[in-house]
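Take a look at the structure set out below.
Numbering (the working numbering), first residue to last: 2 to 115.
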């Protein structure tokens, strides 16, 4: 928000009560309006549902975690793969790390957003 200014809206679920109240207060003070997802309406948050489906299909349904440490390590490895190696269709089949690098380069040079 410091670099690009606050968005007009942020879409989210309500989350835990105390966190939701604090988040709404912060957003209101920042001039950001909220659009809440109705409970039981995953189609209102397709990006998150898509991520959850991939996490489930590519990791959780394939592993049986014997310990909390094992789960932490395997999930961290998958997260690294997802963010740095796995091509994403929405990013022109580049990785999120490549997309972020391109955005960072444009911000540094003042080039317009594509």
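Glycine included, every Cβ here is placed at the ideal spot set by N, Cα and C.
- Distances from the CA of residue 83 to each of 96, 3 and 4 were compared; the closest alpha carbon is that of 96.
- According to the DSSP secondary-structure assignment, residue 105 is paired through a beta bridge with no residue.
- In the DSSP assignment, residue 12 falls within the beta strand (DSSP E) that extends over 10-13.
- In the structure shown, residue 35 adopts extended strand secondary structure according to DSSP, grouped into three states.
- As a beta-bridge residue in DSSP terms, residue 89 pairs with 95.
- Annotation: residue 88 to residue 98 spans about 10 angstroms, alpha carbon to alpha carbon.
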